[in-house]
Structure formats: structure tokens, C-alpha cells
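Residue numbers (our numbering): 447 to 788.
No residue lacks a Cβ here, since even glycine has one placed at the ideal position from N, Cα and C.
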Ligand code: PHE
């Protein structure tokens, strides 16, 4: 019968439809599924079909309708994923990767934390040169001419000069500030320092310190102790205990080293404190009157204290880093671990 072959024709047409645009898909929809679609009038041809074939006819037309709908759904999905792919292929691989914010270097994180703590109690930040002269680094700081620290084995001198060197400590900033500024002086000086050391997991030829200096009338050892206790509590927690051990530096008298109580309960604490429970944090002392006089400050009128904090050591404790060289290798796998650190 003619109507049966018409249905077969339409099924073939649907099966072989090639559609590659939204416009073509819309044409397909109008032709087979729209309100005036081509299948609708076929249903009314049931009158012409003999009774014994009416059932077969009904099934066949319904099937045609389903095939049209299925084809439409498939085509629509195909077009959508094709669109997605072309969108993806528009990505410009030569553009720089935008991977959100970068990470701050752990040394920078510890330094800015220290600066924050001291700024809160009125210390101003001073930054000074890394290439120093012998006078500011050693002589003004009461270091005798024959002191071993001046040795070429310990200090990097520039071009075999005996005058110009890479500063061996941020204490050079003390003499810089004291020679140009009248007391009261209340500064901290963060920066990089250099020593002619064999590089190992524990020591490096470059590292960072934060220097502190307080000069005024009637500054006492008790003032220093109280300032350092405040610092330790801010840095290590409100319950922190400190102790001051006698030590020696040419530029302070008396001199001390400050330890912070870490305890021996955890393995990390045991390792860091070598089993003693006490962690060495900084060197400090009352500024030697010779240093004040070298910088033209009246040592009868003024007194003060100074301290120097090693940053690498603090950062190694804080983040449990076992090798100092990691700070200077700029291995992205190391640095990325500090992404969440603010
Ligand atoms: N400059 C000393 C050092 O590098 C630290 C220090 C600074 C000690 C200030 C006392 C006072 O080890």
C-alpha cells in the first residue's frame, strides 16, 4: 500500500538526515515534530487502510513518530557537545596561566610577622645597605681589629678590599642609624646578611636577620627583658616562657641569648631543642657604651638595648623545614606549600 511505503520512505529520510547546524536542526524539527509536521496527516489515512492492517499501520506510524523524536534528541545533543568542543579549542594556550594568587616566601612571612609585632609597640622599620664598610659593620660595633669575625674565612670582602664587605649581621644598621639620628631611637631592621660559611643543611652563606635597637634615657635590662617577653608571647603564644642565658657579643654588655620553652613532649620539640626543651631564639644585650660613643651618642645620658633574630631558624621551626638550602633554591614544589600561609 502506498501509505506504508510513504512511512518507510520517511523513516529512511530520518535515518540518513545529516545535520550540522542549529538552523538545519530547526528545519528537521518543523518537518517532523512541529505543529504542522509531516507525520500528522498520515494518521488520518487510517480510513484507507483495510481493517486487518489497521493495527500494523498504527504501530508503524507511532514508530515513525518515535524515531523522529529520538533522532531530534540525538542531533540536539551532538550539536551541543560539538559547540562545547569548539569553545574549548578557542582557549589560547600561549596565554599566561592564571592560577590565582601566588605563595609568599616563608622567610617573608616570618619577617613581616616580626615587623608587625614590633611596630605595634612603636618600633620603626629601617632598611639599610647590604654592601657595608668595615667601620659600620665592625669598628663602630666595638669589634677589635684582630677579631676572628673579620677574618676572610668568615667575611666576604669585595674585590679583595679590606674596606668593603657584605654585612655579616644587621647590627651594621645600628651604627648607621645612631650616627645620623639623635635618641630616642626605636627601630627594627630586617634584611639579608652574608657569611663565608660552608653551605650545609644547617648553615648557609646568606640568611636573614631582624635587628632591634632601643636607645633612650634610663633604658634598663628589665625593659629589654619585658620587650622580649612581649615579643615571645606574640610570636609563640600567650603561655610562652623565656629564659636569658649569659653570652658574649663585642657590641653589648652584658650580653645574653634568649631561649623559648618548647617542652619535650612532642618529637618535634625534642628534636628542635636537642632534648633540653629550650629553643634558642635570639641574641641580645645592653648596647656597649663604646658603641654609643663611637656613634657620637653620650653614654652618660643614654643607654639602650639591642637584639638580633635569625629568621631562617625561626621559619625552620615554624614550618618544620629540615634543610636551610630549600629557602634559596626557589623550587616551586617547595614554595607552593606555603600558598595557604598569609
Ligand atoms: N649580631 C648578632 C649576631 O649576628 C646578634 C645580636 C644583635 C646580638 C644585637 C646582640 C645584639 O649573632
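For the 7 Å CB-CB criterion, residue 758 and residue 770 form a contact. Per the Cβ contact rule, the segment 580-587 is not in contact with the segment 649-663 (fewer than 3 Cβ pairs under 8 Å). The nearest non-hydrogen atom of the ligand PHE is 6 Å or more from the C-beta of residue 678.
Contact annotation, residue 715 with residue 708: C-beta distance approximately 4 Å; criterion of less than 8 Å satisfied.
Taking the Cα positions, residue 606 is about 32 Å away from residue 701. Cβ contact annotation for residue 642 (same chain, cutoff 8 Å, sequence separation greater than five): 598, 599, 600, 601, 602 and 651, in chain order.
Looking only at 721, 712 and 636, the smallest Cα-Cα distance to residue 556 is reached by 636.
Under the 8 Å Cβ criterion, the segment 672-692 counts as touching the segment 559-578, having at least three qualifying pairs. When the five nearest sequence neighbours on each side are left out, the beta carbons in the same chain lying within less than 7 Å of the beta carbon of residue 699 are those of 731, 732 and 734, in order along the chain.
With contacts defined by Cβ atoms closer than 7 Å, residue 476 and residue 510 do not form a contacting pair. Taking a contact as a CB-CB distance under 8 Å, the pair residue 634 and residue 656 counts as one, their CB atoms being some 6 Å apart. Assignment of residue 602 by DSSP, reduced to helix, strand and coil, places it in the coil class. If you look at residue 474, you'll find it in the alpha helix (DSSP H) that goes 468-478. In the three-state reduction of the DSSP assignment, residue 612 falls in the strand class, which pools E and B.
Here the alpha carbons of residue 522 and residue 502 stand approximately 30 Å from one another. When secondary structure is reduced to three states using DSSP, residue 620 falls in the helix class.
Taking the Cβ of residue 651 as the reference point, every heavy atom of the ligand PHE lies at 6 Å or farther away.
Residue 631 holds the alpha-carbon nearest to the alpha-carbon of residue 749 among 631, 685, 647 and 529. In this structure, the alpha-carbon of residue 786 lies about 28 Å from that of residue 710. In this structure, the alpha-carbon of residue 480 lies about 59 Å from that of residue 779. Put simply, the backbone Cα of residue 611 is about 56 Å away from that of residue 535. In this structure, the beta-carbon distance from residue 553 to residue 784 does not fall below 7 Å. Looking from the CA of residue 767, the closest CA among 472, 647 and 589 belongs to 647. Residue burial is scored here from C-beta neighbours: residue 694 has fewer than 16 other C-beta atoms within 10 angstroms and is therefore classed as exposed.
Annotation: the segment 643-694 contains the following complete segments of the alpha helix (DSSP H) (minimum length 4 residues), in chain order: 667-682. Looking from the CA of residue 508, the closest CA among 463, 457 and 551 belongs to 457.
For residue 464 and residue 516, the gap between their C-alpha atoms comes out near 14 Å. Annotated as distal: residue 578 and residue 540, with beta-carbon spacing of 7 Å or more.
Its chain contains 633 as the residues whose beta carbon lies nearer than 6 Å to that of residue 570, once the 5 sequence neighbours on both sides are disregarded; these appear in chain order. Within the DSSP bridge table, the entry for residue 638 names 654 as partners. With a cut-off of 6 Å, the C-beta of residue 595 is classified as distant from the ligand PHE, since no heavy atom of the ligand falls inside that distance.
Per DSSP, the continuous alpha helix (DSSP H) segment holding residue 510 begins and ends at 497-535.
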